[in-house]
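Residue numbers (the working numbering), protein chains in the order written: chain S, 1 to 149; chain U, 1 to 149.
We treat Cβ as the ideally placed atom computed from N, Cα and C, and that holds for glycine.
Computed from a predicted model, the values in this text were never measured in an experiment.
Quick notes on the structure that follows.
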DNA sequence: GTTCGTGCAAATCGTTTGCAGGAAT
DNA sequence: ATTCCTGCAAACGATTTGCACGAAC
């Protein structure tokens with residue numbers, strides 16, 4: 001039961017930050033876990049919870065997603081359309097992704113291009129980097145084979 | 001007068017797409033050109049136009065920014081706060097940037113990390129890339145020396 | 001003269017907030 | 001018992017839209 005260990009460790013991260021472990025939080029996490037390879041928008045999370053015959057208010061979803069991000073167990077990505085999407089983080093790895101523009105599927109890339117960057121160029125400009133983003137957008141195998149792309 | 005050549009070529013790009021060359025469009029472009037090293041939000045563009053003792057409606061600004069992006073002369077970037085920012089593109093170069101989180105200053109990076117990516121990894125997943133994003137966030141020299149970061 | 005652009009006001013969309021009652025610790 | 005969590009409804013900010021008039025081609 002590897003998966004349960006991973007889930008418990010998510011629960012611990014929440015409690016370590018002083019947040020309570022409520023049923024709603026577990027439900028939202030369930031949805032994120034069941035879609036661990038996908039970026040989900042708050043509205044998609046809402047719908048998937050409905051399909052479980054549960055109902056959680058939008059504001060509760062938003063508030064808890066922020067809490068999860070703050071607890072380091074969820075990643076927030078701002079896509080080009082201006083909407084935010086969320087994805088569970090099982091290990092606290094630093095990753096970059098291939099993101100399917102059709103279905104939101106996310107696949108991890110090995111390595112990080114930032115490590116190959118010429119730091120001298122950045123230092124010369126007097127710039128102090130504190131974060132970076134590298135994302136490849138395109139279409140995943142499944143969406144391509146559906147011939148809808 | 002290199003700058004004017006560059007400006008005329010922007011005008012041409014607009015007209016080539018079948019859009020009319022209006023005074024408002026020129027004014028918005030002026031502001032983008034005067035801030036070519038910065039990311040500007042629509043509200044900042046609005047204010048800078050006001051300071052020129054001109055007034056352009058917000059909806060006109062939004063509509064024209066979309067048109068400029070569609071004409072390939074303006075770049076749109078979605079920052080983490082969910083707001084959109086815009087920047088003029090003088091040459092249709094493919095660039096990646098260092099972005100100052102305080103003042104919005106943008107400095108170009110040499111090279112592109114995508115070229116160093118192991119394409120075999122992507123092919124193996126059956127993923128078809130169509131675009132990518134590499135951005136370094138941090139603080140620029142000026143903002144650092146203001147000791148406000 | 002036709003097509004396209006604009007200002008205005010209202011609508012929309014995603015997201016956030018204040019508050020009063022309810023649940024976790 | 002205290003602190004935190006939630007639903008609700010309302011507020012919010014950024015962006016978009018319908019429409020009637022005006023400007024570019």
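Would you say residue 3/U and residue 31/U are within 8 Å of each other, going by their C-beta atoms?
no
Is the CB of residue 137/U under 8 Å away from at least one CB in chain S?
yes
Could you check which residue in 39/S, 65/S, 37/S has the C-alpha nearest to that of residue 28/S?
65/S
Inter-residue Cα distance where the pair is residue 58/U and residue 40/U:
14 Å
8 Å Cβ cutoff met for residue 131/U and residue 38/S:
no
What's the gap between the Cα of residue 87/S and the Cα of residue 23/U?
45 Å
Going by alpha carbons, who is nearest to residue 73/S out of 144/S, 7/S, 146/S?
7/S
Is there a C-beta anywhere in chain S that falls below 8 Å from the one on residue 103/U?
no
Under 9 Å by beta carbon: chain U residues contacting residue 70/S
Residues of chain U passing the Cβ test: none, with the nearest at roughly 14 Å.
If we define contact as Cβ-Cβ less than 8 Å, is residue 34/S a contact residue for chain U?
no
So if I threshold CB-CB distances at 8 Å, which residues from the stretch 120-131 of chain S count as touching chain U?
121, 122, 125, 126, 127, 128, 129, 130, 131
Taking just the CA atoms, how far does residue 77/S sit from residue 100/S?
13 Å
So, is the C-beta of residue 37/S closer than 8 Å to a C-beta in chain U?
no
List the endpoints of the continuous alpha helix (DSSP H) containing residue 78/S.
Careful: residue 78/S lies outside any alpha helix (DSSP H), inside the beta strand (DSSP E) at 74-78.
Residue 105/U versus residue 69/S: straight-line alpha-carbon distance, rounded
27 Å
Environment of residue 21/S [buried if 16+ CB atoms lie within 10 Å]:
exposed
Buried or exposed: residue 90/S, going by 16 or more other Cβ atoms within 10 Å of its Cβ?
exposed
Between residue 30/U and chain S, is the shortest Cβ-Cβ distance under 8 Å, so that the two count as touching?
no
Taking residue 129/S as part of the beta strand (DSSP E), name the residues at either end of that continuous run.
128-139
Determine, for residue 10/U, whether the minimum Cβ-Cβ distance to residues of chain S falls below 8 Å.
no
Shortest alpha-carbon distance to residue 63/S belongs to which of 110/S, 139/S, 119/S, 19/S?
19/S
Does the CB of residue 42/S have a neighbour CB from chain U at under 8 Å?
no
Measure how close the beta-carbons of residue 71/S and residue 14/S come, nearest whole angstrom, since I'm counting them as under 8 Å.
5 Å
So the candidates are 133/S, 141/S, 121/S, 115/S; which of them puts its Cα closest to the Cα of residue 126/U?
141/S
Under 9 Å (Cβ pairs) to chain S, residues found in the stretch 73-95 of chain U:
76, 77, 78, 79, 80, 81, 82, 83, 84
CB contact below 8 Å: residue 65/U versus chain S
no
Reference residue 107/U; option with closest CA among 110/S, 98/S, 123/S, 107/S
123/S
Extent of the continuous beta strand (DSSP E) run through residue 33/S
First-last for residue 33/S: 23-34, but that is the alpha helix (DSSP H), not the beta strand (DSSP E).
Can you list, in chain order, the residues of the stretch 43-62 of chain U whose Cβ is nearer than 8 Å to any Cβ on chain S?
none
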